[in-house]
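Asker: Protein chains in written order, with the numbering used here: chain Z, 153 to 302; chain P, 170 to 677. The beta carbon of each residue, even a glycine, is placed where N, CA and C say it ideally should be.
#1: Between residue 313 (chain P) and chain Z, is the shortest Cβ-Cβ distance under 8 Å, so that the two count as touching?
#2: Can you give me the C-alpha to C-alpha distance between residue 196 (chain Z) and residue 169 (chain Z), rounded to a whole angstrom?
#3: Given a cut-off of 8 Å on the beta-carbon distance, is the pair residue 658 (chain P) and residue 326 (chain P) in contact?
#4: Does residue 316 (chain P) get closer than 8 Å to chain Z when you measure Cβ to Cβ?
#5: For residue 231 (chain Z), decide whether its Cβ has a neighbour in chain P, counting only Cβ atoms nearer than 8 Å.
#6: Do the region 642-655 of chain P and the region 316-323 of chain P make contact, defined as three or more Cβ pairs closer than 8 Å?
#7: Indicate whether at least one CB of chain P lies closer than 8 Å to the CB of residue 293 (chain Z).
#8: Can you grab the Cα-Cα spacing for the pair residue 227 (chain Z) / residue 260 (chain Z), in whole Å?
#9: By the 10 Å Cβ neighbour count, where 16 or more other Cβ atoms means buried, how is residue 492 (chain P) classified, buried or exposed?
#10: When DSSP labels each residue in this structure, what does residue 402 (chain P) get in the three-state scheme?
#11: Using a threshold of 8 Å, state whether the C-beta atoms of residue 227 (chain P) and residue 531 (chain P) are closer than that.
#12: Hey, does residue 247 (chain Z) have any beta-carbon neighbour from chain P nearer than 8 Å?
#13: When Cβ atoms are compared, which residues of the region 557-577 of chain P fall closer than 8 Å to chain Z?
#14: Quick one: is residue 402 (chain P) near chain Z, going by C-beta distance under 8 Å?
#15: Measuring CA to CA, which of Z:205, Z:225, Z:211, Z:179 is closest to residue 193 (chain Z)?
#16: On the premise that residue 587 (chain P) lies in contact with residue 242 (chain Z), defined as a C-beta separation below 8 Å, what is that separation, rounded to the nearest angstrom?
#17: Using a C-beta to C-beta distance shorter than 7 Å, which residues of chain P count as neighbours of residue 258 (chain Z)?
#18: Where does the unbroken alpha helix (DSSP H) through residue 548 (chain P) begin, and where does it stop?
#19: Cβ closer than 7 Å: which chain Z residues qualify as neighbours of residue 635 (chain P)?
#20: With C-beta atoms as the reference, is residue 268 (chain P) less than 8 Å away from residue 468 (chain P)?
#21: Cβ closer than 8 Å: which chain Z residues qualify as neighbours of residue 379 (chain P)?
#22: Report yes if the C-beta distance between residue 175 (chain P) and residue 281 (chain P) is below 8 Å; otherwise report no.
#23: Residue 238 (chain Z) touches chain P at which residues, Cβ-Cβ below 7 Å?
#24: In whole angstroms, what separates the C-alpha of residue 397 (chain P) from that of residue 342 (chain P)?
#25: With distances taken Cα to Cα, identify the nearest neighbour of residue 423 (chain P) among P:462, P:444, P:386, P:390.
#26: Closest to residue 262 (chain P) by C-alpha separation, out of P:271, P:276, P:272, P:247, would be which residue?
#27: How many angstroms separate the CA atom of residue 456 (chain P) from the CA atom of residue 557 (chain P)?
#28: I'd like to know if residue 227 (chain Z) contacts chain P, where contact means its C-beta is closer than 8 Å to some C-beta of that chain.
#29: Whose CA, out of Z:290, Z:206, Z:246, Z:165, lies closest to the CA of residue 571 (chain P)?
#30: Which residues in chain P have a C-beta closer than 7 Å to the C-beta of residue 222 (chain Z)? List them in chain order.
#31: How many whole angstroms separate the CB atoms of residue 590 (chain P) and residue 574 (chain P), which I take to be in contact at a CB cut-off of 8 Å?
#32: With a threshold of 6 Å on Cβ separation, who are the neighbours of residue 338 (chain P) within its own chain once the five nearest residues in sequence on each side are excluded?
#33: Skipping 5 residues on each side, what residues in its chain have a beta carbon closer than 6 Å to that of residue 528 (chain P)?
#34: By the 10 Å Cβ neighbour count, where 16 or more other Cβ atoms means buried, how is residue 192 (chain P) classified, buried or exposed?
#35: Report the residue ranges of all alpha helix (DSSP H) runs contained in full by the region 206-284 of chain Z; include only those spanning at least 4 residues, in chain order.
#36: Please list, in chain order, the chain P residues whose beta carbon lies closer than 9 Å to that of residue 287 (chain Z).
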């Protein structure tokens, strides 16, 4: 999997370097470092070092590669998916409602044995956060795109 | 005398009821952050930075600084009772802290770690008080070439200390530098990597990346390692012991260890990029090599706990020197603190202490008070923090996601930044999983634009000649110090790791 991560990084830095060469000048008209100076140095260095790391990874034998552990991935992928869902809900229903839904669902999935405690936490934590951010600190809470009839 | 009157002025500011309240909150929150395994001071600072909006700048900076050094106190509680360091700087404290607890000496170990942290933190603040004005004076002769070299020194030191995974460290730093180039080029006005987006004209903001990498990334990693499934049965019960307080022998045998650890820790902390983790490992190995009971290290030797504890607290104080006097963060945590200063329109640097004496000296004075507050909390509120360790990660985790998301949104009311934070969280998880360095990325993101600006100014001054770096005495001095650090630090790091490895074996 590390190889895949390195390939993704390599693709990203190749594109970054392409833009640095195609759109950004290396030097200004007066001969000083231009807007493309740093990006080109960074891009070329990154391509070189990622390729080096990738070759090292490919040289490693199968026994040195990390073993896939589906059980370890299960919960982290689920939490990531729930977090993405939360990001979408924040835009749609605003900070308070999205947080109630996210916490309710996530706690029900992760902490199945204590439904009452989960329910209480799903209400109390967003309430506390709302009071802290909106009332005490006067900070911005995400506004709702669609208001729920509650 | 000037320093003394400045300090008294700072103390009069720090001691106001509202600032004392913020200090207390910061100290408690810092300890909580330190106690939670997987969350270090950088994560705590990044997540809680938005909470300080709306506060008075002095109170907010004092609170954030208290979170920063408070996390060093809290991190050791789990090292001693659970054999799980709260963060990387307290790894060395497990070598002798946990064996002490297993021997039935958890109470004395907890009190001694609090005392050692207090001594390290206080010696560190005394040294800041004396040395920060001197550093500020020296750095007034610094121009763009020196600032460029300091940024390079910070990155090089960090990368050298990463050790065997240096290639991944360099890749992480380059990604940080690349992200730092996004936005309008200030010299020519040309857009770089903005792709027509108005949100990207000002560049990629540092806070969502830091919150994502350190907050969400660490959380995902904790779930990957199964921390949310583990129970809390491994906690050593310290309250059933006959003797809670350390013996006179504990105090007498470690009195010089505290002094040595404090000075070593402070010196390492001042070096940009080195940090508290390196300081604690070095202090441990140094103590092990000079102690008469060196062979017993790893089996529950009090000096083996005291040395890293004094060092990591002194190092976190030492790291404030380059931040306050040069405006150069030496670690991921001080990078977040720098972001906090910038949010309030304050620019740390050579003139910072002269132009903002209330804030600079108020902060330094608050660190004296903060260490006292933390000493008391560390000793008397341990049962409370032990209860906190017992809160299951599966319940804590979703709440962390909420605080990260709402905290990020509250900064600029931007959904783009919130989504960026979620993306950074996922990237941070993979970086952590595959041995990359989120700290190097964050540091490069902060230092990159500084370095670029300084280099371009240098080229303007020198009319394109790189010779300026060796023609100026301050630049040449920085180059010599950088070369010395790059050569010496890996050797010391290897020495520290070898000793630490041997102690781990002895302890297991």
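Answerer: The answer reads as follows:
#1: Among the residues facing chain Z, residue 313 (chain P) is not included, as its CB has no counterpart in that chain under 8 Å away.
#2: 7 Å
#3: Yes, these two residues count as a Cβ contact at 8 Å.
#4: no
#5: yes
#6: yes
#7: Chain P contact via Cβ: present.
#8: If I take the Cα positions, the gap works out to 13 Å.
#9: buried
#10: Note that residue 402 (chain P) has pLDDT 49, beneath the 50 cutoff, so the model's placement of it is unreliable and the number below is only indicative. Reduced to three states, the DSSP call for residue 402 (chain P) is coil.
#11: yes
#12: yes
#13: 561, 563, 564, 566, 567, 568, 570, 571, 572, 574, 575
#14: Low confidence applies to residue 402 (chain P): its pLDDT is 49, below 50, so where it sits in the model is not reliable, and the reading given next is rough at best. No, its Cβ sits nowhere closer than 8 Å to a Cβ of chain Z.
#15: Z:179
#16: 7 Å
#17: Chain order gives the chain P residues near residue 258 (chain Z) as 567, where near means a beta carbon separation below 7 Å.
#18: 526-549
#19: Going along chain Z, no residue has its Cβ under 7 Å from residue 635 (chain P), so there is no contact; the nearest lies around 11 Å.
#20: yes
#21: Correct list: empty, because the minimum Cβ distance to chain Z is about 17 Å.
#22: No, they are not a contact pair.
#23: 570, 574
#24: 30 Å
#25: P:462
#26: P:247
#27: 32 Å
#28: yes
#29: Z:246
#30: The contacting residues do not exist; residue 222 (chain Z) stays about 12 Å from chain P at best.
#31: Contact flag correct, Cβ pair sits at about 7 Å.
#32: So the qualifying residues of the chain are 328, 331, 606, 609.
#33: 227
#34: buried
#35: 222-262, 267-282
#36: Residues of chain P whose Cβ lies closer than 9 Å to the Cβ of residue 287 (chain Z) do not exist; the shortest such Cβ separation is about 11 Å.
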